[in-house]
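Colleague: My structure is below; once you've seen it, I'll send some questions.
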Amino acid sequence: TTGLDAAAAAGLMKLLQQLAASARILIVATIHQPSAQVFASFDNIMLLARGQTAYQGPAHRVAPYFASIGHPMPETATAAEYMLDLINDEFTSAEKVNSVVAQWQQQDRHANTQASHITRPIRGASIYQQIELLLKRQSMLVIRDPLLYIGRMIAYLFSNLFFCAVYEAA
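Residue numbering for the sequence shown follows full-length UniProt numbering, starting at 1 and increasing by one per position.
Here it is, written out as structure tokens:
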């Protein structure tokens, strides 16, 4: 969402949610400084502090979790803003960040990551299906911009004629 205004970022997140729901796929995103609306659109989040997990779980549970470990969110702050300030040692002390990470590591938070939740991968497309799909895509590109491909063919023709002339003279 870097470079997008708040409305465009929220629209993009809504579109990604719809895509994930309709296609039944998992979407992983890295977001820097999300707005409150974008932050609220996440189902699950993972907060990292210097590469270590500071929180992982439902987005709506992040504020209660930090309150339970002694870091309640001020009423004037948004969840995203407060949590990112709390785990970023540029805005708070390194000791506080280390404390948050250590408290997460002490908790038994990986009980819900059992192998029973992992399903077998769906078989991928065969080589023939892949070739068919790529040919259809390439045909669509040619139909959309024929001038580009005509230009390429002319450039290839002249470069071949040039090399033929060079080798003929040699």
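All residues carry an ideal CB built from backbone N, CA and C; glycine is no exception.
1. For TYR149, is the classification buried or exposed, using 16 other Cβ atoms within 10 angstroms of its Cβ as the cut-off for buried?
2. PRO72: buried (16+ other C-beta within 10 angstroms of its C-beta) or exposed?
3. Thinking ALA63 and ALA36 are a contact (beta carbons under 8 Å), I'd like their distance in whole angstroms, please.
4. Going by alpha carbons, who is nearest to MET13 out of SER99, ARG24, GLY3, ALA29?
5. What is the residue span of the alpha helix (DSSP H) that LEU12 lies within?
6. Can you tell me whether ALA29 is helix, strand or coil according to DSSP?
7. Please report how far the alpha carbon of TYR55 lies from the alpha carbon of ALA10, in whole angstroms.
8. Give the list of continuous alpha helix (DSSP H) stretches no shorter than 4 residues that lie fully inside the segment 47-123.
9. Go ahead and label TYR156 buried or exposed: buried means 16 or more other beta carbons lie within 10 angstroms of its beta carbon, across all protein chains shown.
10. Note the first and the last residue of the continuous alpha helix (DSSP H) segment covering ILE151.
11. Rounded to the nearest angstrom, what separates LEU147 and ILE131 at their Cα positions?
12. Kindly identify the DSSP beta-bridge partner or partners of ILE45.
13. At what residues does the alpha helix (DSSP H) containing ALA36 begin and finish?
14. Using the C-alpha atoms, what's the distance from HIS60 back to TRP104?
15. For SER139, does the three-state DSSP call read helix, strand or coil?
Modeller: Reading off the structure:
1. exposed
2. exposed
3. 12 Å between Cβ atoms; not a contact.
4. ALA29
5. 6-23
6. coil
7. 23 Å
8. 62-68, 79-87, 94-106
9. exposed
10. Checking the displayed sequence, the identity of residue 151 turns out to be Gly instead of Ile. First-last of the alpha helix (DSSP H) with GLY151: 146-169.
11. 24 Å
12. GLY57
13. 36-40
14. 17 Å
15. helix
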